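Structure first, commentary second.
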Amino acid sequence: MYGFKRDMLAVLGFTFFLLIIPRILGNDYYINTLTLSLTHAIIAVGLNLLMGYAGQVSLGHAAFYGLAAYTSAILTTTYSVPLPLGMMSGILVSGVVALLIGIPTLKLKGHYLAMATLGFGVIVYIFFNETIELTGGPSGFGGISRLQVMGYRFASDISYYYLVAFVLAGVVLLSLNLIHSRIGRALRAIHTSETASQISGIDIAKYKVFVFVLSALFAGVAGVLYVHNIAFVAPGSFGFNFSIELVTMVVLGGMANVWGAVIGACFLSILPEFLRVFENIEIVLYGAILIVFTIFLPEGIAGGITKLFLMMKPKRSDAAGKE
Amino acid sequence: MQQARNDILSCRGLVVNFGGVQALRSVDFAVETGSITALIGPNGAGKTTLLNVVSGLVNADQGTVKFREQDITSLPPHKRAVSGVVRTFQNLEIFYNMSVLENVMTGCHRRIRYSVVDSLLKTPRYWGGEKRCYRYAERELEFVNLMDKKDTPATELPFGSQRLLELARAVASEPTLLLLDEPAAGLNIRETGNLGKLIRRIRDERGITVVLVEHDMDLVMRISDSVTVLNFGEVIAQDVPLEIQKNPQVIAAYLGEDEDT
Ligand SMILES: Nc1ncnc2c1ncn2[C@@H]1O[C@H](COP(=O)(O)OP(=O)(O)OP(=O)(O)O)[C@@H](O)[C@H]1O
Ligand SMILES: [Mg+2]
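Taken in order, these protein sequences are the chains called L and W.
First residue of the first sequence: 350, per the numbering used here; consecutive thereafter.
First residue of the second sequence: -12, per the numbering used here; consecutive thereafter.
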């Protein structure tokens, strides 16, 4: 059913791929860019569950990322809370806040979630900027301790990269598992027909809140991983722009495709590094590339790859889809 | 007569207003357990609205809905589905982002109850549930004769097959009361004949009570045990098919429609 073996193989292959990239690159600067890309991918995979599968739009996911990052940073730095506890709290705060926003807005029909998250994102951003005593204001604060698990300190950039790679692989596997279950079917059903979903016995409000909270938790995981890597936090990383960039990652990579979100996140996070040499026209090129991609790959990069694959093997046997 | 019957559904005094339009004006509607009850009436009579009220998609301004002796008037649609009230739609509501098989598996949602954790970790409960779900879905696809299309994207099915797919999805959720809103609309004569047989089998083999909203009078007269006629939001007749055909009020309602249009 659902090609579970295929999923497992794909995740294993993906993990292996992530593990050998550093050996190919061998440059610490690139490693940090990669780590950041994979961190973004964790958020994008969660956002894709919400947007691509369940069809609910969030324009404030950067805020969940930021809330977890700030919470953990402040707790562990200012209040000397132990690292694991601080990180757990950070992730939890993102989840609980999502629950509080989701319950009232997702009961309503229509795009209230998009509006609510848009406003929420802006408020959180202002909060990070204005509560200077707590957050350090616009310039943020540093001196945040690097991640440590059971005595092992992820001191080198490469060790941190491996950590984030493993977490991403886990997040991808869990997401694939979720999608290929009755819960995943319910989410996809809600996307096309809320009426027919209800008639099939699906509690649509419950599932929407669930997937929204789950996506906020993923963003939270990314947030704490981010902040204990960079060891510095400032509001600039969690503004409206980044929320939009996250949405772009999902759409560009391929909606309703777990791998698409990973590809989209890596593509958008790495692209600016390549465009940097063009200096002045960097932003123009960036925009042009996005436009070209959306025109020629309406189903995202992952959708394009799938199509290409199908074109090369026009007579793919039916058995490949099953187990 | 009313007392001797065992009604699975009984609606009393249903009123639904859409702005100025009175879609239902104090409708009483009862369905005998194990029957195929047809609900007919000219366009705009309020048939779909009545099904919407029974399935919980529209809330009545007044009146009560009782299902198996329980008052379900204020129950949300998904809970009604879970308790056994399921329907199909006049304008198809297929899950267009899924394969044919997945559509029907989604219909089985309430019959398999493993949790989120079971899904995330693929526990034995997950595998057991999915296998059962697959079997249920397969059975219904065989029932409507769409098994050979199971991996086809639902969008690629011809219209008639999409109607059957919706029927399979509805039956897959194991309802006790199945509401069909114009299932023969857009079907040709052969497809309609086949549909009639399927509806019969749904009642005879599965013991599912069926409410059939339909404009195809041949089909209605052939398979239903009882016919309720709605006109301008009011029940104007309820009887066995043969009597309904002779009822002057019913004839007038349909003739009136013919004159208007
Ligand atoms: N959501 C709505 N908003 C406003 N008016 C509505 C709505 N739904 C139905 N109506 C109106 O209520 C009346 C009854 O409509 P309904 O769809 O129940 O009729 P019907 O008997 O199913 O007709 P048909 O045979 O054409 O399907 C119509 O006048 C219709 O225009
Ligand atoms: Mg109708």
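Every residue, glycine too, gets a C-beta built ideally from N, C-alpha and C.
Source: prediction; values computed, not measured.
{"Check": "Do you know how far the Cα of W:Asn218 is from the Cα of L:Tyr402?", "Outcome": "42 Å"}
{"Check": "Just tell me which of W:Glu80, W:Asp203, W:Lys233 and W:Glu221 has its CA closest to the CA of W:Glu178.", "Outcome": "W:Asp203"}
{"Check": "With C-beta atoms as the reference, is L:Glu648 less than 8 Å away from L:Gly603?", "Outcome": "yes"}
{"Check": "How would you list, in chain order, the residues of chain B whose beta-carbon sits under 7 Å from the beta-carbon of L:Asp552?", "Outcome": "Any reference to chain B falls outside this structure, whose protein chains are L and W."}
{"Check": "Spell out the partners DSSP gives L:Pro584 in its beta bridges.", "Outcome": "Answer is none; L:Pro584 lacks a bridge partner."}
{"Check": "Going by the CB atoms, is the gap between L:Ile452 and L:Phe567 shorter than 8 Å?", "Outcome": "no"}
{"Check": "In whole angstroms, what separates the C-alpha of W:Asn90 from that of W:Arg156?", "Outcome": "6 Å"}
{"Check": "Residues around ligand 2, please: the ones whose beta-carbon is closer than 7 Å to some heavy atom of it, in chain order.", "Outcome": "W:Lys34, W:Thr35, W:Gln77, W:Asp168, W:Glu169 and W:Val200"}
{"Check": "Measuring from the CB of W:Ala30, is there a heavy atom of ligand 1 at a distance below 7 Å?", "Outcome": "Inspection of the sequence shows that residue 30 of chain W is occupied by Asn rather than by Ala. Yes, Cβ of W:Asn30 sits closer than 7 Å to a heavy atom of ligand 1."}
{"Check": "Per DSSP, W:Cys(-2) forms a beta bridge with which residues?", "Outcome": "W:Phe16 and W:Val52"}
{"Check": "Around the C-beta of L:Lys458, are 16 or more other C-beta atoms found within 10 angstroms, so that it is buried, or is it exposed?", "Outcome": "exposed"}
{"Check": "Taking only heavy atoms of ligand 1 into account, decide whether any of them is closer than 7 Å to the Cβ of W:Phe5.", "Outcome": "yes"}
{"Check": "Are the CB atoms of W:Val251 and W:Thr139 nearer to each other than 8 Å?", "Outcome": "The question about residue 251 of chain W has no answer here: the residues shown for chain W are numbered -12 through 248."}
{"Check": "How big is the Cα-Cα spacing for W:Arg(-1) and W:Phe16?", "Outcome": "7 Å"}
{"Check": "Under 7 Å between beta-carbons, which chain L residues line up against W:Tyr113? List them in chain order, please.", "Outcome": "Ser530"}
{"Check": "Would you report the Cα separation of W:Leu144 and L:Ala465, rounded to the nearest angstrom?", "Outcome": "38 Å"}
{"Check": "List, in chain order, every chain L residue whose beta-carbon is nearer than 8 Å to that of W:Leu107.", "Outcome": "Leu523, Asn526 and Leu527"}
{"Check": "Closest to L:Phe753 by C-alpha separation, out of L:Ala412, L:Gly395, L:Ser542 and L:Gly404, would be which residue?", "Outcome": "What the structure shows of chain L is the stretch from 350 to 672, and residue 753 of chain L is not part of that stretch, so it cannot be assessed."}
{"Check": "Of all the options L:Gln405, L:Ile373 and L:Leu387, which has the alpha carbon lying nearest to the alpha carbon of L:Ile539?", "Outcome": "L:Gln405"}
{"Check": "Scan the segment 45 to 70 of chain W for residues whose Cβ lies nearer than 7 Å to a Cβ of chain L and list them as they occur along the chain.", "Outcome": "Pro64, His65, Ala68 and Val69"}
{"Check": "Is L:Gly495 helix, strand or coil when you go by DSSP?", "Outcome": "A small correction: the amino acid at residue 495 of chain L is Arg; Gly does not occupy that position in the sequence shown. Of the three classes helix, strand and coil, the one that applies to L:Arg495 here is coil, per DSSP."}
{"Check": "Per the DSSP calculation, W:Gln225 is bridged to which residue(s)?", "Outcome": "W:Thr215"}
{"Check": "Less than 8 Å between the CB atoms is what I'm expecting for W:Val69 and L:Gly550, so what's the real figure, rounded?", "Outcome": "5 Å"}
{"Check": "Give every residue of the same chain whose Cβ lies closer than 7 Å to the Cβ of L:Ala651, excluding the five residues on either side of it in the sequence, and list them in chain order.", "Outcome": "Gly602, Gly603, Asn606, Trp608, Gly609 and Ile612"}
{"Check": "Just to confirm the assignment, what range does the alpha helix (DSSP H) spanning W:Thr35 have?", "Outcome": "Lys34 to Ser42"}
{"Check": "With a CB to CB cut of under 6 Å and the five nearest residues on each side skipped, what residues in its chain are close to L:Arg537?", "Outcome": "Tyr402"}
{"Check": "Let me make sure I understand the geometry here. Which of L:Asn376, L:Gly491 and L:Leu385 has the alpha-carbon closest to that of L:Ser421?", "Outcome": "L:Gly491"}
{"Check": "Identify every residue that forms a DSSP beta bridge with W:Leu167.", "Outcome": "W:Leu199"}
{"Check": "Counting along the chain, where does the beta strand (DSSP E) carrying L:Arg372 start and finish?", "Outcome": "Counting along the chain, L:Arg372 falls outside any beta strand (DSSP E), though it belongs to the alpha helix (DSSP H) covering Phe353 to Leu374."}
{"Check": "Of the residues that make up the segment 12 to 42 of chain W, which ones have a beta carbon closer than 7 Å to any beta carbon in chain L?", "Outcome": "Ser42"}
{"Check": "In whole angstroms, give me the CA-to-CA distance for L:Gly439 and W:Asp135.", "Outcome": "50 Å"}
{"Check": "Between which residues of its own chain and W:Leu133 is the CB-CB distance below 7 Å, once the five residues before and five after are set aside?", "Outcome": "Val87, Ser148, Leu151, Leu152 and Ala155"}
{"Check": "Do the segment 423 to 439 of chain L and the segment 371 to 381 of chain L touch if we need at least three Cβ pairs shorter than 8 Å?", "Outcome": "no"}
{"Check": "Step through the CB atoms of chain L and report whether any lies within less than 8 Å of the CB of W:Gly116.", "Outcome": "yes"}
{"Check": "Please give the ranges of any alpha helix (DSSP H) in the segment 543 to 619 of chain L, keeping only runs that are unbroken, at least 4 residues long and fully inside the region.", "Outcome": "543 to 548, 553 to 579 and 589 to 602"}
{"Check": "Compute the Euclidean distance between the alpha carbons of W:Arg67 and W:Leu164, then round it to the nearest angstrom.", "Outcome": "10 Å"}
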